[in-house]
Amino acid sequence: MAAISGLIRVMEKAARKAGGRLRRDFGEIEHLQVSRKGPSDFVSKADQASERTLWDELRAARPDWGFLFEEGGEIEGDPDKPRFIVDPLDGTTNFLHGMPHFAISIAVQEPRLDGRGWGDVIAGLVYQPITDESFWAEKARGAWLQDRRLRVSSRRHLDESLIATGIPFAGHGDAGEWTKIYHALAPQVAGIRRFGSAALDLAWVAAGRYEGFWEADLKPWDTAAGCLLVREAGGFVSDWKGRSLPYHDSEILAGNDALHTRLHKILVNALKA
7 MAAISGLIRV MEKAARKAGG RLRRDFGEIE HLQVSRKGPS DFVSKADQAS ERTLWDELRA
67 ARPDWGFLFE EGGEIEGDPD KPRFIVDPLD GTTNFLHGMP HFAISIAVQE PRLDGRGWGD
127 VIAGLVYQPI TDESFWAEKA RGAWLQDRRL RVSSRRHLDE SLIATGIPFA GHGDAGEWTK
187 IYHALAPQVA GIRRFGSAAL DLAWVAAGRY EGFWEADLKP WDTAAGCLLV REAGGFVSDW
247 KGRSLPYHDS EILAGNDALH TRLHKILVNA LKA
């Protein structure tokens, strides 16, 4: 097992503290106060409390770093230091419907050496409070589930492969585009799943539970940690054009080392049709 760095320990401590509060709130879901943020996009008191806990813990440990939060937006830090990219509750709709499939996602991104924006994601953690699973990765140090090294699935045939996705919903995504991809891919694979948490979908690709994942219209906090997890577990992540960036949000295709290229070809041909 690789020695856990001080940075990962800081991230995991923050995630576990926030996760404990989410577990308690999840147990009393019917009593939560919920407000509407947009069409089919809810934000709960639990989400906000989780974000405050993560802010307090991470800020105390790295006071000069910046933040990019789902709810709180961008908070600038020392421009020469990294920033945290944080989703305090990925899978909010699952949470609010009493479905035990949601996660906290934390990533660390370095500034570019030329000072023009942000560069590589160097650390990522996806914590699932209900199962107490902590998926984490550091650049060039591999991906891990607690103390077990992760590798993407070794399946090499599409008809044996399970693929995850995110289905467009009210006000989000392009249903026509998604439908083309689905109709091209579904007949060739063992199954397609939509569980409602992109961060966990990517962590599960890294863990070999899925062979691939695609979705569009995401945000950096949904995918930054998960992209690093997949890559450090030996997989590939790109956009529809095949480009590999530090993280993907508007378009993301992840897959194991054997199938990513084939999945990309199917996707591109489907969108050309």
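Under the working numbering, the first residue of the sequence shown is numbered 7, with each subsequent residue one higher.
Where is the CB? At the ideal position from N, CA and C, for every residue including glycine.
| message | At 4 residues or longer, what runs of the alpha helix (DSSP H) sit wholly inside the region 49-125? | response | 51-67, 98-102
| query | By the 10 Å Cβ neighbour count, where 16 or more other Cβ atoms means buried, how is Pro-45 classified, buried or exposed? | reply | With a pLDDT of 47 at Pro-45, under the threshold of 50, the modelled position of this residue cannot be trusted, and the question is left open.
| Thinking just about the alpha-carbon of each residue, which of Ala-212, Pro-94, Leu-259, Cys-233 is nearest to the one in Lys-247? | Looking at the Cα atoms, Leu-259 is the closest of the given residues.
| query | Taking the continuous alpha helix (DSSP H) assigned at Val-195, which residues delimit it? | reply | First-last for Val-195: undefined, no H or E at that position.
| query | What is the rounded straight-line gap between the Cα of Ile-10 and the Cα of Trp-142? | reply | 10 Å
| task | Would you check if the region 115-124 and the region 95-104 touch, i.e. whether three or more CB-CB distances between them fall below 8 Å? | result | no
| Thr-1 lies in the alpha helix (DSSP H); which residues open and close that run? | The question about residue 1 has no answer, for the chain in this structure spans 7 to 279.
| field | Selection from Gly-148, Tyr-188, Ala-24 that minimises the alpha carbon distance to Leu-269 | value | Tyr-188
| said: Under 8 Å, with one C-beta from each stretch per pair, do the region 140-156 and the region 215-222 reach the 3-pair mark? | reply: no
| field | Counted within 10 angstroms of its Cβ, other Cβ atoms place Thr-171 as buried (16 or more) or exposed | value | buried
| Residue interval of the beta strand (DSSP E) (run including Leu-2) | Beyond the ends of the chain as shown, which are 7 and 279, falls residue 2; an answer cannot be given.
| said: When you compare the CB positions of Val-16 and Ala-55, do they come within less than 9 Å of one another, or not? | reply: No, these two residues do not count as a Cβ contact at 9 Å.
| query | At what residues does the alpha helix (DSSP H) containing Ile-35 begin and finish? | reply | Unbroken run through Ile-35: none, as it is neither H nor E.
| query | Between Arg-161 and Glu-217, is the Cβ-Cβ spacing less than 9 Å? | reply | yes
| query | Span of the beta strand (DSSP E) holding Trp-246? | reply | It is not in any beta strand (DSSP E) - Trp-246 carries neither H nor E in the DSSP assignment.
| Is Pro-88 buried or exposed, if buried means 16 or more other CB atoms sit within 10 Å of its CB? | buried
| said: By DSSP's criteria, Glu-139 is part of a beta bridge. Which residues make up the other side? | reply: Gln-134
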